[in-house]
Structure formats: C-alpha cells, structure tokens
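Each residue of the sequence shown is one higher than the one before, counting from 40 in the numbering used here. So the structure is just underneath, and the comments pick up after that.
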Amino acid sequence: MVDRFNNGDNHNDYDVNMQDPLQFQGGDFKGIRDRLDYLQEMGFTAIQLSPIFENEVGGYHGQWIKDYYKTDKHFGTLNEFKELVDHIHKKDMRIILELPIKKEMEGQEIINIVKWWIEETNIDGFKLTDINNKPIEFWQAVTSDIIKLKDDFYLTGEAPNLSNDEVDKYSQAGFTSISDVSLVEPLRNAFSKPDVSSGPLFDLFEQKTTHWLRTAFFDNQNTDRFTREMVNNNTYPVTRWKLALTYLYTQPEIPVVYYATEIAVNGGNSPENTPMMNFRTDKEIIDYISNLGRVRSHQKALMSGTMELLYENNGMTVFKRQHDAEIVVVAINNTSADQRAVIPEEKIEKDKELRSLLGTDLVRVDQNGNYHIVLERETAEIYKVTEKSGYNLPFILSIFAVFALFILFMYITWKRGKKINPQK
C-alpha cells in the first residue's frame with residue numbers, strides 16, 4: 040500500500056495525520072524509490088502497488104478513484120512515478136498497478152486505461168480487482184486485447200470469495216494469473232499453530248488444474264494480518280512465519296508477500312491491518328525471506344515443477360518438487376516435538392543424497408535404502424537431490440585444521456612456558 044510504505048518527500052504530505060489510521064500517513068513514490076534496494080535484497084522480482092490514481096477526499100487506500108488518468112497528489116506527480124518505474128527496471132524488477140473494476144465499466148474503457156498507462160509510464164502489468172463484477176465471457180474478450188499491448192505484459196485478476204472452481208474458470212479467461220483467495224484459509228489453518236496436518240493443502244492441490252496460473256498469499260488489505268491469528272493462538276510469530284513462508288515459496292503457485300510481513304506486523308480489520316511500515320526492526324524474517332528468494336530463483340523445480348506429497352503426520356510434512364531431472368525435497372516440521380521422517384529412496388531417487396539449500400545438512404541413504412530426514416521442532420529444510428559426494432572432504436579438512444591449530448597453540452604455549460621458567 041503506497042500510503043503506508045515509506046515517506047520519501049514531505050512536500051506532498053497533504054492532510055497527513057499520523058495519529059489517525061483513517062487519514063493519509065505520507066507514503067509516496069519517492070519513499071518506494073528510496074527502498075528499492077531493501078526490496079531487491081529480499082529477492083522480490085516484482086512490486087505490486089495499490090491504486091495510485093487520483094482519489095476522492097480521504098482515499099489513502101486508492102479505492103475511491105476520481106480520475107484514472109492522473110496520479111493522486113499525495114503520492115507524487117506523474118513524472119515522479121515515471122522515475123520510479125525507470126529505477127525499478129534498472130534493478131531488473133517489474134512493477135504492477137492495481138486497478139479496481141467497477142460494475143459500470145465497459146471493456147473498451149478498461150483497455151484504454153491500461154493502454155494509456157503502458158504508453159505513458161512503461162509499467163509491466165495490472166492487477167484487476169473485483170473481476171467478478173463482470174462475466175467470464177467479458178474478460179475473455181478484454182484480456183485478449185490487453186495482452187497484445189506490450190510483450191510479456193502481466194495481467195492478474197482478483198475477486199473476494201472465489202471458490203476453487205471459480206478461480207480455475209477465471210484462470211482460463213486469459214489472465215496471466217489469478218489471486219488464489221480459495222487457498223488463504225487453508226494456508227492460515229495449516230500454519231497458525233503447531234501440530235496441525237497439512238493434508239488439506241495437498242487435497243486442495245489435487246483438485247486444481249491451473250495451479251501455475253495462481254498467486255498464493257497469507258494476507259492482504261482485505262484480511263486480518265496472519266500474525267494476528269498466530270498471536271491469538273499464543274504462538275511466536277517469527278517461528279510461525281518462517282514455516283509458513285517456507286511452504287509459500289516452495290509450493291507451485293506464485294508467492295506474493297504483503298508489505299510488513301517481514302516484520303511480522305500485527306493487525307485486525309482495516310485500517311488496523313495497514314499501519315505505516317517500520318524499518319527499524321529485527322531482521323530475522325527479512326534474512327529468511329532473502330534466503331528463500333535465492334533458493335527459489337535458482338531451482339526450476341520450485342518455480343515450475345510437479346509436486347508430490349511423500350510424508351505427512353500431524354504437521355511433519357515432506358514433499359517433492361521435480362522439473363525434468365532436477366528434484367528438490369522440502370521438509371517442514373510444524374509440530375511441537377523433534378521429528379524423523381523415513382522416506383524410501385525409490386520415492387525420491389536411488390543412489391543419491393539430499394544436500395541442504397538453507398544450511399549445511401546432508402542426508403544419505405541408509406543400508407536399508409531409506410532417507411532419514413530429522414528436524415527439530417518448528418523448523419524447516421529444503422534439500423537438493425544430488426549425486427553422492429563420498430566423504431565430506433571440506434568438513435574433514437576443517438576438523439583437521441582445527442585440531443592442527445590446537446596442537447600448534449599448545450606447542451607455542453609450552454615453549455613460552457619454558458622461556459619464562461628455565462630449568463636450574
């Protein structure tokens with residue numbers, strides 16, 4: 040949400056009242072531009088902004104649109120937005136704007152708005168909200184014209200309360216992707232507290248035919264913050280978020296992370312769920328998101344591979360993602376005790392080993408042909424299936440080096456002792 044992210048220019052702070060969450064808080068285009076390194080370092084490849092169009096009085100959220108062809112003065116000028124787009128592109132990232140769809144809007148009106156913003160600012164995509172205000176046939180005609188306006192243009196759609204079947208239907212109407220609102224509740228149920236089976240998530244996955252055309256998320260401007268649910272369950276949000284984000288980044292749908300997730304912001308109904316961003320905070324989740332982004336971007340199996348559940352027992356979950364010969368195994372221990380999952384090697388691949396992508400863990404097949412994946416309570420791991428490496432030479436050498444340094448230290452200490460206390 041533009042108004043709640045970062046205030047980079049106090050010259051456009053019209054009507055700002057930091058004491059009233061229903062008033063503008065000062066976030067603007069310059070503030071986003073100033074924090075692009077922060078976003079890029081977490082591995083995000085695209086930035087999706089709340090509506091930036093000129094709004095009626097008090098429309099800090101961007102939903103009360105007055106003019107689709109002007110930027111709201113609270114956020115900055117059109118030229119300042121163009122500069123933001125240029126800086127985003129220089130960082131090899133993409134920018135997507137949210138466009139609320141009203142019932143009275145005609146197809147050509149929507150096409151004209153999208154075309155104008157592409158030609159004027161070179162944006163990379165639009166997120167069309169409330170798409171259920173129009174029938175699927177309407178969108179089939181509109182989307183076919185929009186995607187011709189720019190190569191690789193990203194067009195996503197969203198509507199509240201869409202069922203899984205409805206998401207599938209809209210996915211086939213020409214959108215690049217559809218926000219998977221049907222997944223939000225199952226996701227939150229699975230990770231808001233420990234000792235909960237992830238089985239329903241995989242049951243839902245089996246029912247989908249277009250999971251690669253969906254975006255997955257835990258919360259947005261229309262929901263309570265997921266952290267609120269964790270707190271209500273008397274659980275530690277940082278631990279909960281690390282498990283939840285591991286699944287989000289390794290399941291087949293496109294992961295979307297709402298601003299301030301990285302600081303585990305808490306909040307209930309709007310406007311409590313959209314506070315001003317606080318950048319002076321602990322970095323534990325920030326660093327974890329950065330690692331997940333790095334892992335996902337380097338593994339085709341995580342971005343476009345198949346998914347198969349290998350093991351599930353009341354929160355201890357192991358699943359496999361595969362793209363051609365590349366295999367990644369994900370293990371999530373969402374339980375209140377340490378767990379061991381025994382996986383027959385034929386379920387993964389024979390004569391291989393599992394090498395951690397988040398840490399240093401290495402899992403080899405035992406004499407009975409099984410992988411033993413052991414995780415401490417409320418932790419997760421991502422493994423790459425690799426060829427057997429034989430002995431772990433770097434580890435052995437490091438142990439030898441430590442031992443050699445210890446012997447050298449003892450020898451030097453002994454020599455010095457002899458000089459200080461010479462024999463009579």
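Don't be surprised by glycine CBs; every beta carbon is placed ideally from N, CA and C. Only a predicted model underlies this, so the values are computations on that prediction, with no experimental measurement involved.
Return the bridge partner residues of A370 from the DSSP annotation.
-> Per the DSSP secondary-structure output, A370 pairs in a beta bridge with V357, E420.
S216 (DSSP reduced to helix, strand or coil) = The DSSP-derived three-state label of S216 is strand.
Counting pairs of Cβ atoms below 8 Å between the segment 96-104 and the segment 355-369, do you hit three or more?
-> In short, these stretches do not touch, since the Cβ pair count stays below three.
Test item: CB-CB of M81 and Q260 under 8 Å | Contact flag unset, no.
Using 10 angstroms around the beta-carbon of E137, count the other beta-carbons present and answer buried if the total reaches 16, otherwise exposed.
-> buried
Going by the CB atoms, is the gap between H126 and L75 shorter than 8 Å?
-> Yes.
Residue from T110, T84, G98 whose Cα sits closest to the Cα of I91 | If we check each option's Cα against that of I91, T110 comes out closest.
Does the distance from the CB of N352 to the CB of E384 come in under 8 Å?
-> no
Nearest-angstrom Cα separation, counted from E301 out to K322 = 8 Å
Three-way DSSP call (helix, strand, coil) for S343 in this model = helix
Could you tell me whether any Cβ in chain D is nearer than 8 Å to the Cβ of T160?
-> Of the protein chains in the structure, only one exists, and it is not chain D.
Tell me, which residues are paired with H362 by DSSP?
-> E365
Extent of the continuous beta strand (DSSP E) to which H126 belongs = Taken as a continuous stretch (DSSP letters only), H126 belongs to no beta strand (DSSP E), being part of the alpha helix (DSSP H) at 117-129.
Between E392 and the rest of its own chain, which residues show a CB-CB distance below 7 Å, the 5 nearest in sequence each way excluded?
-> Here the set comprises L401, V402, R403, T425, K427, S428.
Pick helix, strand or coil for G196, following the three-state DSSP scheme.
-> Shown here, G196 sits in a strand according to DSSP, grouped into three states.
Select from K69, T215, V369, T320 the residue whose C-alpha is nearest the C-alpha of G344.
-> V369
With DSSP collapsed to three states, give me the class of A380.
-> strand
Close Cβ partners of D42 (< 6 Å) along its chain, the five nearest in sequence each way excluded = Hits under 6 Å: F63, Q64, G66, Y99.
Relative to the alpha-carbon of E251, which residue among L226, T289, P239 has its alpha-carbon at the smallest distance?
-> At residue 251 the sequence reads Trp, which differs from the Glu that was named. Closest option to W251, Cα to Cα, is T289.
Determine the direct distance from the alpha carbon of I446 to that of A255, and round the result to whole angstroms.
-> Cα to Cα, the separation comes out at about 55 Å.
Taking C-alpha atoms, which residue in K187, S210, A283 lies nearest to P225?
-> A283
Please state whether DSSP places D207 in a helix, a strand or coil.
-> helix
Collapsed DSSP secondary structure at L75 in the structure displayed | helix
Identified DSSP bridge partners for Q87 | I135
8 Å Cβ cutoff met for R279 and N305 | Going by beta carbons, R279 and N305 fall outside the 8 Å limit.
Mind checking whether D163 and I134 have CB atoms under 8 Å apart?
-> Cβ atoms of D163 and I134: closer than 8 Å.
Strand pairing of R253, partner residues [DSSP] | As a beta-bridge residue in DSSP terms, R253 pairs with I217.
Regarding K129 and the ligand MG, is the C-beta to nearest heavy atom distance less than 7 Å?
-> Ligands are entirely absent from the displayed structure, and the ligand MG is therefore not among its contents.
Reduced DSSP category for K463 - H, G, I as helix; E, B as strand; rest coil = Note on K463: pLDDT 39, under 50, position unreliable in the model; no value is reported.
Per DSSP, what kind of secondary structure is Y286 in: helix, strand or coil?
-> In the three-state reduction of the DSSP assignment, Y286 falls in the helix class.
Measure the alpha-carbon distance for I149 versus I157 and round it to whole angstroms.
-> Within the model, the alpha-carbon separation for I149 versus I157 is close to 13 Å.
Is the segment 231-238 in contact with the segment 192-199, if contact means three or more CB pairs nearer than 8 Å?
-> The answer is no - the segment 192-199 does not touch the segment 231-238, with fewer than three Cβ pairs under 8 Å.
Using alpha carbons as the reference points, say which of N317, D263, A229 lies closest to S309.
-> Looking at the Cα atoms, D263 is the closest of the given residues.
Counted within 10 angstroms of its Cβ, other Cβ atoms place V295 as buried (16 or more) or exposed = buried
Consult DSSP for F230 and reduce its assignment to one of helix, strand or coil.
-> helix
Can you tell which of E95, L88, I71, G70 has the C-alpha that lies nearest to the C-alpha of K166?
-> L88
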